[in-house]
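Numbering (this note's numbering), first residue to last: 15 to 291.
Everything below concerns the one structure shown next.
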């Protein structure tokens, strides 16, 4: 396996941090990975290696406001800028691997982004989507007062950040994963009013347009997820049922790839990829 890491520029000049894991021979496919909110692509090193061992190349970026990328932590000014970051990743990935099929894999907020990318920008370059625990809606609802207050303030103070108060124990049942998350200096717990608004609107767009998903999509969610809404994923799976394979993981938390059952999760993804290829 070969691993590369370096900075690349998005369309507006924002520096993103690119990672690539390559098998020794020509890859059977390329997994283009989009991480979740508050984290970074480096947290997927072990997960990426599983795909490499199965013959796939994996590429990823820390998108703006996250990890080693430029930008205020937890802030992005628009959905368009975030989709630009994904487009930048895919452009470089297709240059490096022009003859392999390309898959777009998003977790949590990344799941929201990859579906939005397909619905808004995909011009037929993607073979399929893999979506894990997407942030379409949160598992908990904010109070009506907080929602109204945020809607008013977002236009006045769009880049003001607030703490997410994430309960780290809810990401995975594995205490080692929890401790690594707490100790990771590239992980943050802040979100701007604008980014929250962008992702909320993006989730609503997905629910309204889920029937337009036009490529094979594996949508997975743990039933015990206390961070993003399992019910929203279930609804999307029904609405887009012509193209979506919905996989429920009973009792699992938010990060399926970091649960004790991660080998089962990987095997399911791998078998699904073989079936659609």
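In this text, a Cβ means the ideal position worked out from N, Cα and C, and glycines have one as well.
Grouping DSSP H, G and I as helix and E and B as strand, with all else coil, what is residue i?
i	result
residue 219	helix
residue 292	No statement about residue 292 is possible, as the shown extent of the chain runs from 15 to 291 and does not include it.
residue 107	helix
residue 201	coil
residue 64	helix
residue 119	strand
residue 165	helix
residue 182	helix
residue 194	helix
residue 100	helix
residue 224	helix
residue 112	coil
residue 56	helix
residue 78	coil
residue 270	helix
residue 95	helix
residue 211	helix
With a cut-off of 8 Å on the beta carbons, I'd call residue i and residue j a contact; round off their distance for me.
i	j	result
residue 124	residue 49	5 Å
residue 181	residue 53	Not quite, the Cβ-Cβ distance comes to about 15 Å (not below 8 Å), so this is no contact.
residue 188	residue 272	6 Å
residue 183	residue 190	Their Cβ separation, rounded to whole angstroms, is 12 Å, which puts residue 183 and residue 190 out of contact at 8 Å.
residue 238	residue 270	Not quite, the Cβ-Cβ distance comes to about 11 Å (not below 8 Å), so this is no contact.
residue 258	residue 126	About 15 Å; that fails the 8 Å criterion.
residue 150	residue 217	4 Å
residue 32	residue 75	5 Å
residue 220	residue 129	5 Å
residue 133	residue 223	5 Å
residue 122	residue 65	Their Cβ separation, rounded to whole angstroms, is 18 Å, which puts residue 122 and residue 65 out of contact at 8 Å.
Tell me the DSSP bridge mates of residue i?
i	result
residue 22	30
residue 176	205
residue 73	34 and 46
residue 152	242
residue 17	35
Specify, as a first and last residue, the run of the alpha helix (DSSP H) that residue i falls within.
i	result
residue 251	244-253
residue 132	123-134
residue 283	276-290
With respect to the beta strand (DSSP E) encompassing residue i, which residues constitute its N-terminal and C-terminal limits?
i	result
residue 261	258-263
residue 295	Here the chain comprises residues numbered 15 to 291, so residue 295 is not present and cannot be evaluated.
residue 142	142-146
Given the structure, does residue i come close to the ligand MN, in the sense that its CB is under 7 Å from one of the ligand's heavy atoms?
i	result
residue 203	You won't find the ligand MN in this model; it holds no ligand whatsoever.
Can at least three beta-carbon pairs, one atom from the region 101-121 and one from the region 70-79, be found at a separation below 8 Å?
-> yes
Is the region 164-172 touching the region 202-215 in the sense that three or more CB pairs, one from each, lie closer than 8 Å?
-> yes
Pairing CB atoms from the region 74-82 with CB atoms from the region 231-239, are three or more of them under 8 Å?
-> no
Would you check if the region 15-32 and the region 88-101 touch, i.e. whether three or more CB-CB distances between them fall below 8 Å?
-> Taking a cut-off of 8 Å on C-beta distances, the region 88-101 touches the region 15-32, as three or more cross pairs fall below it.
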